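A.B. asks:
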Amino acid sequence: FRTLDDADLADKRVLVRVDLNVPMESGRVTDETRLKAILPTIRTITDKGGKVVLLAHFGRPKGRDESQSLAPVAKALEGQLGRKVAFASDCVGEAASSAISRLAAGEVIVLENTRFHAGEEKNAPDFVEALASLGDIYVNDAFSAAHRAHASTEGLARKLPAYAGRSMESELAALTKALEAPVRPVLAVVGGSKVSSKLELLGNLVKKVDILVIAGGMANTFLAALGKKVGKSLCEHDLADTAREILEKAKAAGCEIVLPVDAVVAKEFKANAAHRVVGVDEVGDDEMILDAGPETVAVVAQKLDGAKTVVWNGPFGAFEMTPFDAATVAVARDVGKRTRAGTLLSVAGGGDTVAALNHAGVAGDFSYVSTAGGAFLEWLEGKALPGVEALRR
Ligand code: 3PG
Numbered sequence: 004f005r006t007l008d009d010a011d012l013a014d015k016r017v018l019v020r021v022d023l024n025v026p027m028e029s030g031r032v033t034d035e036t037r038l039k040a041i042l043p044t045i046r047t048i049t050d051k052g053g054k055v056v057l058l059a060h061f062g063r064p065k066g067r068d069e070s071q072s073l074a075p076v077a078k079a080l081e082g083q084l085g086r087k088v089a090f091a092s093d094c095v096g097e098a099a100s101s102a103i104s105r106l107a108a109g110e111v112i113v114l115e116n117t118r119f120h121a122g123e124e125k126n127a128p129d130f131v132e133a134l135a136s137l138g139d140i141y142v143n144d145a146f147s148a149a150h151r152a153h154a155s156t157e158g159l160a161r162k163l164p165a166y167a168g169r170s171m172e173s174e175l176a177a178l179t180k181a182l183e184a185p186v187r188p189v190l191a192v193v194g195g196s197k198v199s200s201k202l203e204l205l206g207n208l209v210k211k212v213d214i215l216v217i218a219g220g221m222a223n224t225f226l227a228a229l230g231k232k233v234g235k236s237l238c239e240h241d242l243a244d245t246a247r248e249i250l251e252k253a254k255a256a257g258c259e260i261v262l263p264v265d266a267v268v269a270k271e272f273k274a275n276a277a278h279r280v281v282g283v284d285e286v287g288d289d290e291m292i293l294d295a296g297p298e299t300v301a302v303v304a305q306k307l308d309g310a311k312t313v314v315w316n317g318p319f320g321a322f323e324m325t326p327f328d329a330a331t332v333a334v335a336r337d338v339g340k341r342t343r344a345g346t347l348l349s350v351a352g353g354g355d356t357v358a359a360l361n362h363a364g365v366a367g368d369f370s371y372v373s374t375a376g377g378a379f380l381e382w383l384e385g386k387a388l389p390g391v392e393a394l395r396r
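Residue numbers 4 to 396, in the UniProt record's numbering, belong to the letters of the sequence shown in order.
1. Please tell me whether, using a cut-off of 7 Å, the distance from the CB of residue 377 to the nearest non-hydrogen atom of ligand 1 is below it.
2. What residue does the beta strand (DSSP E) around residue 355 start on, and which one ends it?
3. On the three-state DSSP scale, how would you describe residue 207?
4. Counting along the chain, where does the alpha helix (DSSP H) carrying residue 223 start and finish?
5. Confirm, please, whether the CB-CB distance from residue 49 to residue 142 is below 8 Å.
6. At what residues does the beta strand (DSSP E) containing residue 347 begin and finish?
7. For the segment 358-369 and the segment 335-346, state whether three or more C-beta atom pairs, one from each stretch, are separated by less than 8 Å.
8. Using 8 Å as the threshold, is the C-beta distance between residue 25 and residue 35 below it?
9. Assuming residue 103 and residue 134 are in contact, meaning their beta carbons sit under 8 Å apart, how far apart are those beta carbons, in whole angstroms?
10. I need the boundaries of the beta strand (DSSP E) containing residue 90, first residue and last residue.
11. Can you find the residues in the same chain that come closer than 7 Å, C-beta to C-beta, to residue 157, ignoring five residues on each side of it along the sequence?
12. Which residues in the same chain as residue 288 place their Cβ atom closer than 6 Å to its Cβ, once the five residues preceding and following it in sequence are excluded?
13. Measure from the alpha carbon of residue 182 to the alpha carbon of each residue in 90, 314 and 240, then state which is nearest.
14. Quick check on residue 62: buried or exposed, where buried means 16 or more other Cβ atoms within 10 Å of its Cβ?
15. Buried or exposed for residue 5, please, with buried defined as at least 16 other CB atoms from any protein chain shown within 10 angstroms of its CB.
16. Buried or exposed: where does residue 327 fall if 16 or more other Cβ atoms within 10 Å of its Cβ makes it buried?
17. For residue 102, which of helix, strand or coil comes out of DSSP?
The following block contains the structure:
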C-alpha cells in the first residue's frame, strides 16, 4: 500500500481516519495512548502543508447522542499536539464543510463521532459519498478499527486516493514481524478468562507458532479436559471436547502446548483473599484458581530461553487483584528484560493485556505494544482486516 511518503499533501484536505475511542471518566480522557499514536501522522501532514481532517468513532451510540461526543477528546488531542484543534459538530453536511473550508494549510480539525450516522456502520454508499466530498485524499491511521468494514474505515479507501498513516504502518510492520514472517522459534502467550472467546485464535496460532502458552482462566478448561479437578474455578466444562481438539491440532502441527503446572488458589474471588500455592492436581473442591504459580513462571522462563519472538495476548491470572497479579507481572518483566537485552522480539496487544503490562511497568520494554483490542484479536485469528485490505487495493 501507499504511505504518506508517496502523497503530495500541499493544500490538500486530508481525511484521516484515526481511533479516538479512548477511555473516559466523567468527561476526561484517562488514557492518551491512542492520541499519542496518531501524532506522527498529523505532524507529517501538517509539515507537508496539508489540512488535517480527523474522522473517528466514539463508543457505540445508536444515532446522535451528546454523551458520546468527540468534543472532549478533541480538547485532549489539542494538549498532546500542542496546537489548536478545531471541532465541527457533525462529520458530514454544512457544519463539516463550512468548518473545513475555513481551515488553512497545516491546521487540524476533529469532526464529530461518525457513528452518529447509521450510514457509518452500514458502510452506506450515500454516507461514504458525503464523507468523500469533504476531502481530496484519505489516510487510514486506525489499525485498531480496521476490523470494521465501516464507511470511514473501508468505504472511503475505495472512493478517494488512499494511504496508510504512520501508526497503521508501524502496527502492520510489528505484527508481520511477530507472526507472518517471524524469527523462530515463536512463543505465544494466550491468556484471559474464556476459551469460547478465543477458539478461532487458538486454532490459528497452533498452526503458526512453535510454543503456545495457554494461561489465565481459559487454561482451567484445558486442565479440566485433561482430567484435573479445578474446583470452583472459572471453567467452560462444555468445551472439554473442543479443548482436546485444539490439543490434537497443536500436536499435528508440531506446536508445543504449555499449560500451568501449579496454581494460586483461594476460596473467595477478592483482593488479598486467603490463598495457597498448589500443584494443578491438588485444587480443592471449594477452591478456585486465581493465578498461575511460581513453578509455571519458571517453566515459561525456560521456554523463553529458546524463543526468539513472543506474541502476547491475555493475562495469567486475575491481575487486577493483588496478589493474583504475580504470574502476569513476573512473566511480563521477564519478557521485558529479554527484549531490552536484545534476545527477544516481543509484541503484545489487546485491551486487558496492555493494562496488565502497564501494571507490571514494562509496556515500554516490549518491542511493540499494539493500540488495538478487537482488531489485534482478529489479526491473531488470521482474519483479513477490511480496513487494511481496502488500503492494499
Ligand atoms: C476499539 O476500541 O477497539 C476500536 O475503536 C473499535 O471499537 P468498536 O469495537 O466499538 O468497533
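Glycine included, each C-beta is placed from N, C-alpha and C at the ideal position. Being a predicted model, the structure only gives us computed values, none of them experimental.
C.D. replies: Well, looking at it:
1. yes
2. Segment 354-363 is the alpha helix (DSSP H) holding residue 355; no beta strand (DSSP E) there.
3. helix
4. 220-228
5. no
6. Premise fails: residue 347 is in no beta strand (DSSP E) and is neither H nor E.
7. yes
8. yes
9. The pair is not a contact, with the Cβ atoms about 11 Å apart (cut-off 8 Å).
10. 88-91
11. 126, 389, 390 and 393
12. 234
13. 314
14. exposed
15. exposed
16. buried
17. helix
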